[in-house]
Structure formats: C-alpha cells, structure tokens
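Residues in the sequence shown are numbered consecutively from 220, following the working numbering.
Ideal Cβ positions, reconstructed from N, Cα and C, are used throughout, including at glycine.
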Amino acid sequence: MGRASGTEPTTAPARRLVLLRHAKAEPPSELPDEQRPLALRGRDQAVKIGAALVASGLVPDAVLVSGAVRSRQTWDLARKHLGTPPVAFTDDLLGAMPRGVLAMVRELDPGTRTVLVIGHEPAMAGTAELLAGPESEDGALAQVRVGVPTGTYSVLEADLAWADWDRKTARLTEVTRPA
220 MGRASGTEPT TAPARRLVLL RHAKAEPPSE LPDEQRPLAL RGRDQAVKIG AALVASGLVP
280 DAVLVSGAVR SRQTWDLARK HLGTPPVAFT DDLLGAMPRG VLAMVRELDP GTRTVLVIGH
340 EPAMAGTAEL LAGPESEDGA LAQVRVGVPT GTYSVLEADL AWADWDRKTA RLTEVTRPA
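Structure below.
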C-alpha cells in the first residue's frame, strides 16, 4: 500500500559539512600573513554569508575557524545571524591540506549534524573535491576543481558518521558566493 501524497518521509542527510573560504582580506603587506584583516568589502561579505547560511537552512551546530585574523573576523561578522554554536579556533587550518581538514572532520562530535569550517585556499576547495562522490552536482564539482573565491562556501552531505567520511563519500550539492 502506498503513502498518501504529501506524507512521504523526509530524507535529510545525516551530516552536512559547509566549507567556507574566509571573506576578502586586505592585500599582503608588512604584516605576517595570518594577521591580515578583512577588507571593507570582506566585512560586508561576511555579514551576507551569515544571512545566506540561515536562508539556506545551513545553521551550524559546531564551527571550526582558522586562527588567522581574517578567518576569525569572518566568523565574528557571520555569526550575528547564526547564533552561538560551539566554536573551535585552530591554527591547524592555516596551511592545511585536504587530508588534514578531513582528519579534523573525522574527530567531530558524532551528535553534530551541520558543521561550518572557515579556512583558506587551496584547502577549502581541495577538501570539497576530495570528499565529492559520484552523486555530486556537476557545476559545483567543476568550481571546486579550479578553486573558490573569497567568501564562497561549498556544501557536502553524507548519510555517514563523521568518522566514516573519506574520499568520494559525500555529495557536493552546491558552491555559493553570497556577496
């Protein structure tokens, strides 16, 4: 016997990973790279990113943020829309490679459903490409293969525990640049 129309069960993914490249930073200067702040345009981008995540139903249960000033500032401005999830600031995201980001993802609390990672290129796009499996959206996959601009996030979904995420085990569903 079939279900009545409109009573189909929802099939939300078990886990969602949002990989965000920090918003636009000031150009390199005499400051060490990790101390570069956001540019004025980046500050505007960060606020729009927070609003876009809420509008897309991507409010995180936990957040990992690079220790770089520009990443921390991106979070500080985006979080005005995102509430107060637990946040971990880590220098491990500075210069991280995709496998390093994946190692951090695998250590996430199993009860966490949606995670936002704010980091740098090439790690954010590279991690999305590493995880993207055969059911991924073609346009999104093409974008992460060439890298993503500042203020851009990629969304990956999988019906797996974080500890089981690995190469090509998630669906890359979108790449979005809100600002």
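Pick out whichever of Val266, Pro232, Thr331 and Val320 has its Cα sitting closest to the Cα of leucine 349. Here residue 349 refers to the residue found at position 130 of the sequence shown. The candidate whose alpha carbon is nearest that of leucine 349 is Val320.
Rounded to whole angstroms, what's the CA-CA distance from glycine 269 to methionine 323? Just pull it up for me. Here residue 269 refers to the residue found at position 50 when the sequence shown is read from its first residue. Here residue 323 refers to the residue found at position 104 when the sequence shown is read from its first residue. Taking the CA atoms as reference points, glycine 269 sits about 22 Å from methionine 323.
Based on Cα-Cα distance, which residue from Arg332, Ser290, Thr303 and Pro329 lies nearest to leucine 313? Within the sequence shown, residue 313 is the residue found at index 94, counting from 1. If you compare the alpha carbons of Arg332, Ser290, Thr303 and Pro329 with that of leucine 313, the shortest gap goes to Ser290.
Which residue wins for smallest C-alpha separation from leucine 277, given the options Ala287, Ala297 and Val288? Counting from one through the sequence shown, the residue named residue 277 turns up at place 58. The shortest Cα separation from leucine 277 among Ala287, Ala297 and Val288 belongs to Ala297.
Among Thr309, Gly261, Arg364 and Leu301, which has the Cα closest to the Cα of alanine 201? The requested residue 201 is not part of the displayed model; the chain covers only 220 to 398.
List the whole-angstrom C-beta distance separating phenylalanine 308 from glycine 286, where the pair is believed to meet the contact cut-off of C-beta under 8 Å. For the purposes of this step, residue 308 is taken as the residue at position 89 of the sequence shown. For the purposes of this step, residue 286 is taken as the residue at position 67 of the sequence shown. The pair is a contact, with the Cβ atoms about 5 Å apart (cut-off 8 Å).
Can you check which of these residues, Pro232, Ala233, Arg240 and Arg234, is closest to threonine 369 by C-alpha distance? For this step, residue 369 is matched to residue 150 along the sequence shown. Of the listed residues, the one whose Cα sits closest to threonine 369 is Arg240.
Ends of the alpha helix (DSSP H) at alanine 347? As a position in the sequence shown, residue 347 is number 128, starting the count at 1. Looking at the DSSP string, the run of the alpha helix (DSSP H) that includes alanine 347 is 342-350.
If you reduce the DSSP assignment to three classes, tell me which class threonine 395 lands in. Position 176 of the sequence shown, counted from the first residue, corresponds to residue 395. Here threonine 395 sits in strand by DSSP.
Identified DSSP bridge partners for valine 237: Taking the first residue of the sequence shown as position 1, residue 237 is located at position 18. Its beta-bridge partners are Leu335 and Val374.
Beta carbon of arginine 332 nearer than 9 Å to that of aspartate 280: As a position in the sequence shown, residue 332 is number 113, starting the count at 1. As a position in the sequence shown, residue 280 is number 61, starting the count at 1. With contacts defined by Cβ atoms closer than 9 Å, arginine 332 and aspartate 280 form a contacting pair.
How big is the Cα-Cα spacing for proline 246 and proline 305? What you label residue 246 is simply residue 27 of the sequence shown in a count that begins at 1. What you label residue 305 is simply residue 86 of the sequence shown in a count that begins at 1. Distance between the alpha carbons of proline 246 and proline 305 is about 30 Å.
Tell me the DSSP secondary structure of serine 285 in three-state form. Taking the first residue of the sequence shown as position 1, residue 285 is located at position 66. Of the three classes helix, strand and coil, the one that applies to serine 285 here is strand, per DSSP.
Buried or exposed for serine 355, going by 16 or more other Cβ atoms inside 10 Å? As a working note, residue 355 is residue 136 in the sequence shown. That one is buried.
Compare the Cα-Cα distances from leucine 238 to each of Pro232, Leu272 and Asp378 and report the closest residue. Within the sequence shown, numbered from 1, the residue matching residue 238 stands at position 19. Nearest to leucine 238 by alpha-carbon distance, out of Pro232, Leu272 and Asp378, is Leu272.
Under DSSP, the alpha helix (DSSP H) around alanine 361 begins and ends at which residues? Locating residue 361 in the sequence shown gives position 142, counting from the first residue. Note, alanine 361: alpha helix (DSSP H), 357-365.
In three-state terms, what does DSSP make of arginine 255? In the sequence shown, residue 255 corresponds to position 36, counting from 1. The answer is coil: DSSP assigns arginine 255 none of H, G, I, E or B.
From valine 363 to valine 284, what distance separates their C-alpha atoms? Position 144 of the sequence shown, counting from 1, holds the residue named residue 363. Position 65 of the sequence shown, counting from 1, holds the residue named residue 284. Spanning the two alpha carbons is a distance of roughly 20 Å.
With a cut-off of 8 Å on the beta carbons, I'd call alanine 361 and leucine 375 a contact; round off their distance for me. Stepping through the sequence shown from its first residue, residue 361 is reached at position 142. Stepping through the sequence shown from its first residue, residue 375 is reached at position 156. Cβ-Cβ separation between alanine 361 and leucine 375: approximately 15 Å, too far for a contact (criterion under 8 Å).
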